[in-house]
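For the record, the sequence lines run as chains S and E. Residue 663 is where the first sequence starts when you use my numbering, and the numbers rise one by one after that. Residue 511 is where the second sequence starts when you use my numbering, and the numbers rise one by one after that. Structure record follows, encoded as structure tokens.
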Amino acid sequence: MSHPSPKSPALPRTLLSLLLCGAALGGAASAMAAPVKVGLALDISGPFAALGAEARDGFALGIKQLGGKLGGQDVEFVQADMAGSPDQAKQLVDRMIQRDKIDIFSGPIGSNVALAVGPTLFNAKVPYLSANAGPSQFAGAQCNAYFFGTAYQNDQFHEAAGKFAQDRGFKKTVLIAPNYPAGKDALGGFKRQFKGQVADELYTKLGQIDYAAELAQLRAAKPDSIYFFLPGAMGINFIKQFVGAGLSKDITLVTSGFSADEDVIGAVGEPMLGLFNTSHWAHDLDNAANKAFVAAFRKEYNGRYPSVYAAQAYDAILAMDAAVKQSGGNAQNREAVVAALKKANYASTRGSFKYANNHYPVENFYLRVIGKDAQGKVTNKLINTVLTNYGDSYADKCPLK
Amino acid sequence: MSGILVLEQLLNGLGYGLMLFLLAAGLTLVFGIMDVLNLAHGSLFMSGAYVAAEAHTRTGSFTAAIVIAVAVTVVVALLLEVLLMRRLYTRDHLAQVLATFGVILVADDIVKMAWGPSPVMAPTPAALSGPIELVDGLPYPSYRLVILAGGLLVALALYLLVNHTRIGMRVRAGASDRPMAELMGVRVGRIFNGVFLLGAALAALAGALMGPIVAVQVGMGEAILIPALVVLVIGGIGSVRGAFVAALMVGVVDTIGRAFVPMLLRATLPPATAADLGPLFAEVAMYALMVIVLIFRPSGLFSARS
């Protein structure tokens, strides 16, 4: 121990001092320009993988169009894969807050992930733009000034589907959803608008892929329609197995836009023709911002139509851009950012909308049907508006004004 | 509860059980003969599923996809055996578990690099995507019937191989009393190589067949490894017959747990409570079966070493 090792510690020390210099320089640079730090959660693996990939493409397009800036400020995007796992997400978001010191957060697909990371973000007063998940928990008594459900409140989607099922005159239906927060919001929302008989409510495991047991129960229950909320690969397999089991002859599938969007259509294809579904957005929705977005998206991604997840992610980037600009370019001023976000003053792909007191949108919901476009490609077509300027059912329990 | 519902669920359970058997057969032979616990068996299952999905998309042929998946996985298993498993034969179980667990992590990362983190879509062959009317009022998905038939055929072939051939006799001898078998001139080590590769081929076949039903994704091998290990324990280590019976039992119990228990719960409890309790019972059912069997037969149903 008395002799120093032949490799003198001088080299590491030099490296260390270099690094310290670099850090100091970096610190000095940031003191001058203070780039906005945005934490982006990308669910590119796990049960929401396909949805996460869509959202990632939407984020990427928005960021690219803005030249990598928000409100004219330099931005550093801190990206991480939450894998649809609440535990993993909590750790990653803790790191984003403590190490990376993020100013704005957006991303997670799953409501279970949103619920897991919400409180940490609220404590750190980091504005959280939820580009997909809209759990009911954050809509009512537990609403928070720093939370924005920029896309929708979970129940709304399913209330629109329930309204459609009611208008169509279905008598007896079976409901099926994964056993997690958004699944419960889904079935609750559907039942709020559907007045017919609900013969059965099936909750499956989140991420379940094999539906043989559930399909056998459906066959036994003999309903005239089924309402299913199974996002991503779950829905893809459910529809394929539903058709494979010969159930499509007698039972009409009713669903929300989640299970009948471009990610699902691409995987299932023709068997989905004629499937009705509801959404707050459609790729053929007629407004200038949307037309520009869809054209740019198709150009960027080999003619693929964007899904609702891509549109929502793109929208979240636009909302951040507007908020940073309207708060005077100072993203560290959280109150100003929140006040600017609340105005929702930007060209959303869904057209204009406003926020209710709980920071969830009041917006239109549309009926879409899966058909073929001019090139014979299977895709969604907008039919009409199901619910106009529709808010959520929890806003009056939220203490925010 | 109608007869058709019960019949349909029974078929579902048997199909799942047969796939578990394909996995557990290789696992139980390797463990039984060489006393090697190979956790990477699930990774071979994953390899079969990924290669089959890829080959199916490229060649458009379901049969070719299965053949390619099995061939590629056997080559992978051969490399694994030569590079790693050979060094583990004389080590204790802990070393084997650690090393093969390492293989799982490496395999998952390789798959992630090659196919990305998102699940891959394994197409169902077009000819098998519709239903077949089994009995009046029960159209059953034809693809699941193919799985049932395939699983039964393989089980029969394996039964004949193990119980009615000379090689099979040596395999059984090696499994029940290795030192004695070696004393009688059976080259257990060489037989093991063959058994290891056969196990890999069965795992790959299961992966290739299951691909279109379960999601082809990173980590799918770990998820199914646990029921396969339960089958191995229930059936008795080293017994192919035990693995067969146990796999069917686990398959049926799993389906009962997933289908009938939640149904009964929903009949008596509010849907939300039933929804929280149902999956819990379903997951417990398999372990409960294992506990019950082990109480009465501590070394499994048909232990090769009893």
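In this text, a Cβ means the ideal position worked out from N, Cα and C, and glycines have one as well. Just so you know, these numbers come straight off a predicted model, no measurement behind them.
Ignoring anything shorter than 3 residues, give me the beta strand (DSSP E) runs that lie fully in the segment 904 to 967 of chain S, in order along the chain. Look at the segment 904 to 967 of chain S and you find these whole runs of beta strand (DSSP E), each 3 residues long or longer: 914 to 918, 938 to 941.
Using beta-carbon positions only, say whether G746/E and S686/E come within less than 8 Å of one another. In this structure, G746/E keeps its C-beta atom at 8 Å or more from the C-beta atom of S686/E.
For I725/S, which residues does DSSP report across the bridge? Secondary-structure assignment with DSSP links I725/S through no beta bridge to anything.
Residue-chain proximity (Y653/E, chain S), Cβ-Cβ < 8 Å: Under the Cβ distance rule, Y653/E counts among the residues neighbouring chain S, one pair being separated by less than 8 Å.
Got a sec? Which residues, its chain only, sit under 7 Å from N522/E by beta carbon, not counting five neighbours each side? Within the same chain, N522/E has close Cβ partners T765.
Shorter than 8 Å from the beta carbon of L515/E to some beta carbon of chain S? Answer yes: the Cβ-Cβ gap between L515/E and chain S drops below 8 Å somewhere.
Identify the continuous alpha helix (DSSP H) that holds I578/E and give its terminal residues. I578/E -> alpha helix (DSSP H) spans 572 to 590.
Name the chain S residues whose beta carbon is nearer than 7 Å to that of T765/E? Here the neighbours are A875.
Is Y1056/S helix, strand or coil by DSSP? Note: Y1056/S maps to coil in three-state DSSP.
Assigned exposure category for Y814/S - 16 Cβ within 10 Å defines buried: That one is buried.
Where does V616/E land, buried or exposed, given buried means 16+ other C-beta within 10 angstroms? Counting the other CB atoms within 10 Å of its CB gives V616/E a total below 16, which places it among the exposed residues.
By the DSSP assignment, the alpha helix (DSSP H) with L811/E in it spans what residues? In this chain, L811/E is not harboured by any alpha helix (DSSP H), its DSSP state being neither H nor E.
If you follow the beta strand (DSSP E) that N1026/S is part of, which residue opens it and which one closes it? Start and end: 1023 to 1034.
Beta-carbon contacts of S553/E that lie in its chain and below 8 Å, excluding the five residues immediately before and after: Within the same chain, and ignoring the five residues on either side of S553/E in sequence, the residues whose Cβ sits closer than 8 Å to its Cβ are V613, I614, A617, D618, G731.
Should P1061/S go down as buried or exposed, given a rule of 16 or more other Cβ atoms within 10 Å for buried? When all chains shown are included, P1061/S counts as exposed.
With distances taken between CB atoms, is the gap from Q855/S to F1027/S smaller than 8 Å? Contact check for Q855/S against F1027/S fails: the beta carbons are separated by 8 Å or more.
Reducing DSSP to helix, strand and coil, say where T1011/S ends up. Coil at T1011/S, not helix or strand.
Can you give me the C-alpha to C-alpha distance between A574/E and L604/E, rounded to a whole angstrom? If you draw a straight line from the Cα of A574/E to the Cα of L604/E, it comes to about 39 Å.
Between which two residues does the alpha helix (DSSP H) harbouring L515/E extend? For L515/E, the enclosing alpha helix (DSSP H) covers residues 513 to 544.
Would you mind telling me which residues of chain E sit closer than 7 Å to A895/S, beta carbon to beta carbon, in chain order? Per Cβ cutoff of 7 Å: P629, A725.
Along the chain, which unbroken stretches of the beta strand (DSSP E) at least 3 residues long are found entirely within the segment 797 to 865 of chain S? Runs found: 809 to 811, 834 to 840.
Assess, as a yes-or-no matter, whether the segment 855 to 865 of chain S is touched by the segment 935 to 945 of chain S under the definition of 3 or more beta carbon pairs within less than 8 Å. Short answer: they don't touch.
Give the straight-line distance between the Cα atoms of A975/S and L732/S, rounded to the nearest whole angstrom. When rounded, the distance between both Cα atoms is 15 Å.
Can you check whether the CB of L515/E is closer than 8 Å to the CB of L658/E? Not closer than 8 Å, so no.
Looking at the C-beta of G527/E, does it have a partner C-beta in chain S at a distance below 8 Å? Cβ-Cβ to chain S under 8 Å: no for G527/E.
Please confirm whether M694/S has its beta-carbon closer than 8 Å to some beta-carbon of chain E. Low confidence applies to M694/S: its pLDDT is 46, below 50, so where it sits in the model is not reliable, and the reading given next is rough at best. Using a CB distance cut-off of 8 Å, M694/S does not count as an interface residue toward chain E.
Which of helix, strand or coil DSSP assigns to N1046/S: N1046/S: strand per DSSP, three-state reduction.
Go ahead and label H665/S buried or exposed: buried means 16 or more other beta carbons lie within 10 angstroms of its beta carbon, across all protein chains shown. At H665/S the pLDDT is 47, less than 50, meaning the model places this residue with poor confidence and gives no usable figure here.
Under a three-way DSSP split, which group does D736/S fall into? For D736/S, the three-state secondary structure derived from DSSP is strand.
Determine contact between the segment 540 to 549 of chain E and the segment 908 to 919 of chain S, defined as no fewer than three beta-carbon pairs at a distance below 8 Å. A contact is defined here as three or more CB-CB pairs under 8 Å, and the segment 540 to 549 of chain E fails this definition with respect to the segment 908 to 919 of chain S.
K833/S Cβ short of 7 Å to the ligand GDP heavy atom set: The model on display carries no ligand, and the ligand GDP is accordingly not part of it.
Just to confirm, is the Cβ distance from F904/S to L935/S under 8 Å? No, the Cβ-Cβ distance between F904/S and L935/S is not below 8 Å.
Keeping to the same chain, check which residues put their C-beta closer than 6 Å to that of L528/E; ignore five residues upstream and five downstream. G661.
Report the neighbours of A712/S on chain E: residues whose CB is nearer than 8 Å to its CB, in chain order. S628, P629, listed in chain order.
At least one CB of chain E closer than 8 Å to the CB of Y967/S: is that the case? Chain E, which has no Cβ nearer than 8 Å to the Cβ of Y967/S, makes this no.
Which term fits M982/S, buried or exposed, when burial requires 16 or more other beta carbons within 10 angstroms of its beta carbon? Answer is buried; the Cβ neighbour count reaches 16.
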